[in-house]
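Comments concern the structure below.
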Amino acid sequence: HPAQRAAMPAQSQSGGPSVAFEAVAKTYTGGVRAVDGVTLHVEGGEFVALVGASGSGKSTLLKMINRLHEPGEGEIAIGGEPVSDSPPHELRRRIGYVFQNIGLFPHMNVAENIAIGMRLTGQKRNDARVAELLELVELPADFARRMPDALSGGQRQRVGVARALAAEPKLMLMDEPFGALDPLTRDTLGQSVRAIHERLGLTTIMVTHDMAEALLLADRILVMEAGRIVADASPHGMLTGKGGAAADALVAVPRDQAHALSRIEAGE
Ligand code: ADP
Ligand code: MG
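Positions 228 to 495 (the working numbering) are the ones given, in order, by the sequence shown.
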């Protein structure tokens, strides 16, 4: 798509920022220690998947990056700059955030919904920019005038991704972004998100409970258990036992499925 390349030169040139956690912990009122001492360095440009059971602290960890939650202990820095130095609203302008069942305003069409992401940065409503964003998330240009209730779940999530990208963030946080979608839609949207990551040179941190999805999309996988990072390895490392016991149990599921499918395909 040469038109898109020409339209967004700045985004594909400088890389996404690093994200560093230094001894970060968070205890909620009521005593739940959701994040229990996390020290972690995500490199600029990495696509990291954060995997773990429900309640392991994944969302809490993610939401401390854009200050939807404040850490009780420790410090988080984006590109070397402590997040506590930036007011939350200013920080959220610079960070894309996509979550399960991302809400679109039902009384606004797709273009208006995407434009909300631009208004946050003071950009004026810009039809050419909306068209660019629709193309980036692989939706037809004439979807700009559709209402949200005329879209499938997958198409709505694509609009949500477009809105999150509207302010040209270099860091994308995704919390189970495909959680509510059927497997085929989930797979194609996952590949789109990975392609966008490459094309715009982003840093992406994606929470998922699906190890297969993490293995297929990410450069690096972190496994969380009871508020701690218990494994940190590449997909290849995870599949060759370098993630340790906690990771092995999660990796065994898709690997055994893949082997079983191969045997069926081979007619064994
Ligand atoms: P995950 O995203 O891995 O499912 P969460 O970060 O949502 O995990 O939750 C981690 C732990 O913190 C859970 O025990 C959860 O019940 C608790 N928790 C999450 N949000 C809150 C909150 N706002 N107040 C109190 N406890 C919370
Ligand atoms: Mg969660």
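Note that the Cβ used here is the ideal one computed from N, Cα and C, for glycine as well.
- With fewer than 16 other Cβ atoms inside 10 Å of its own Cβ, ALA476 counts as exposed.
- Checking the DSSP bridge columns, you'll see LEU429 has no partner listed.
- Each of ARG319, ILE322 and ALA377 was checked against the Cα of PHE332, and the nearest Cα belongs to ALA377.
- Runs of the alpha helix (DSSP H) lying entirely within the stretch 358-403, each at least 4 residues long, are 380-392 in chain order.
- With fewer than 16 other Cβ atoms inside 10 Å of its own Cβ, ALA472 counts as exposed.
- Collapsing the DSSP output to three states places HIS268 in a strand.
- By the Cβ-count criterion, THR467 is exposed, with fewer than 16 other Cβ atoms from all chains shown falling within 10 Å of its own Cβ.
- By the C-beta density criterion, GLU492 is exposed, having fewer than 16 other C-beta atoms within 10 angstroms.
- Annotated as proximal: PRO244 and THR430, with beta-carbon spacing under 8 Å.
- When DSSP assignments are scanned along the stretch 421-486, the uninterrupted stretches of alpha helix (DSSP H) that are 4 or more residues long and fall wholly within it turn out to be 438-444 and 462-466.
- When Cβ pairs closer than 8 Å are counted between the two stretches, the stretch 451-458 is seen not to touch the stretch 307-324, the count staying below three.
- Here DSSP, grouped into helix, strand and coil, assigns PRO315 to helix.
- Excluding the 5 residues flanking it on each side, GLU440 has same chain C-beta neighbours closer than 8 Å at ALA276, PHE405, ARG413 and GLY417, in chain order.
- Look at ARG260 here: in three-state DSSP terms it is strand.
- For LEU277, the enclosing beta strand (DSSP E) stretches over residues 274-279.
- Using a 10 angstroms sphere on the CB of GLU403, the tally of other CB atoms reaches 16 or more, which defines it as buried.
- Short of 6 Å from the beta carbon of ALA371, and not among the five residues preceding or following it, lie these beta carbons of its own chain, in chain order: VAL337, ALA338 and VAL357.
- By DSSP's assignment, THR254 forms a beta bridge with ARG260.
- Inter-residue distance for GLY257 and GLU317 is about 30 Å (C-alpha atoms, whole angstroms).
- Excluding sequence positions up to five before and after VAL265, its CB lies within less than 8 Å of the CB of PHE248, ALA250, VAL251, ALA252, LEU288, GLY301, GLY454, ARG455 and ILE456, all in the same chain and listed in chain order.
- Measuring C-alpha to C-alpha distances from ASN328 to each of LYS469, PRO375 and PRO298 identifies PRO375 as the nearest.
- In the displayed model, GLY323 falls within a strand according to three-state DSSP.
- Residue nearest to SER286 within the set MET401, GLY494 and HIS424 is MET401 (criterion: CA-CA distance).
- For THR287, the shortest separation between its Cβ and any heavy atom of the ligand ADP lies below 7 Å.
- Selection ILE292, GLN382 and ALA304 evaluated against MET433 yields ILE292 as nearest (Cα-Cα).
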